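Be aware that the sequence shown starts at 86, since it is given in my numbering, and climbs by one per residue. For every residue, glycine included, the Cβ atom is placed at its ideal position computed from N, Cα and C. All values derive from a computational prediction rather than experimental measurement. What follows is a short report on a single structure.
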Amino acid sequence: MSIYTPAFNPDISERKGSVALGYQARHPGQMFTSRWHVGLRDEEKRQCPRRSLRCPTAMIENLTEADHEPRTVPVECVNVCEDGLYAIVPIGYGVAMGQRFTFRLNTGERGPEPEIDQIVMQQGRVVRTELLLSENGQTDRVGVGVQLIGPRNGMLPMPTMESKA
86 MSIYTPAFNP DISERKGSVA LGYQARHPGQ MFTSRWHVGL RDEEKRQCPR RSLRCPTAMI
146 ENLTEADHEP RTVPVECVNV CEDGLYAIVP IGYGVAMGQR FTFRLNTGER GPEPEIDQIV
206 MQQGRVVRTE LLLSENGQTD RVGVGVQLIG PRNGMLPMPT MESKA
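Listed below in structure tokens is the structure:
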């Protein structure tokens, strides 16, 4: 009988830009660790500059069936660009590539009306997911890359690209 337990140790990574993941397998009388490397993002995939924006965000499921209540997933936005965002989702919500949501960002910034915090809403499609492992396994999360689609309700000031002459 074998017992497999997840193992993660960022200190055993042998190559720059990769993380070592694996499983420790215990057989009667022996123990070994199987490892493999998962490459991290080396090249930028965005076509426009991003802006750091940590704020509470709600992902509201876009349903086509009228008889179901849309599910709301609480996430944390990490950064945004003109046509996308990156957010962190708790494990267990079943967020997958290709799903469409309406994103409601509570930016905490002043909006066009005095003394009212800006709420920005826009539809988006999950185009990338990645498992974010914690050392203790208690706070594992999922990072999601989102392509924003359609009109935006609210303003998000974005950095501009400057040409170097």
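What does a CB cutoff of less than 6 Å around Q203 pick up in its chain, not counting 5 residues either side in sequence?
T192, E194, G196 and G239
Please work out which residues of its chain come closer than 8 Å, Cβ to Cβ, to Q208, disregarding the five sequence neighbours upstream and downstream, and give them in chain order.
N147, R185, F186, T187, F188, L233, I234 and G235
Measuring only the C-alpha atoms, how far is G177 from D168?
27 Å
Under three-state DSSP, which class holds P242?
coil
Taking the beta carbon of V231 as the centre, do at least 16 other beta carbons fall within 10 Å, making it buried, or is it exposed?
buried
State the Cα-Cα distance for the pair T214 and I145, rounded to the nearest angstrom.
17 Å
Here's the rule I'm using: 16 or more other beta-carbon atoms within 10 Å means buried, otherwise exposed. How should L217 be labelled?
exposed
Could you give the residue range of the beta strand (DSSP E) that holds N164?
Unbroken beta strand (DSSP E) run through N164: T157 to C166.
Closest to C166 by C-alpha separation, out of R237, S219 and P134, would be which residue?
It is P134 whose Cα lies nearest to the Cα of C166.
Helix, strand or coil: which one does DSSP assign to S248?
Model confidence at S248 stands at a pLDDT of 45, short of 50, so the residue's coordinates are unreliable and nothing is read from them.
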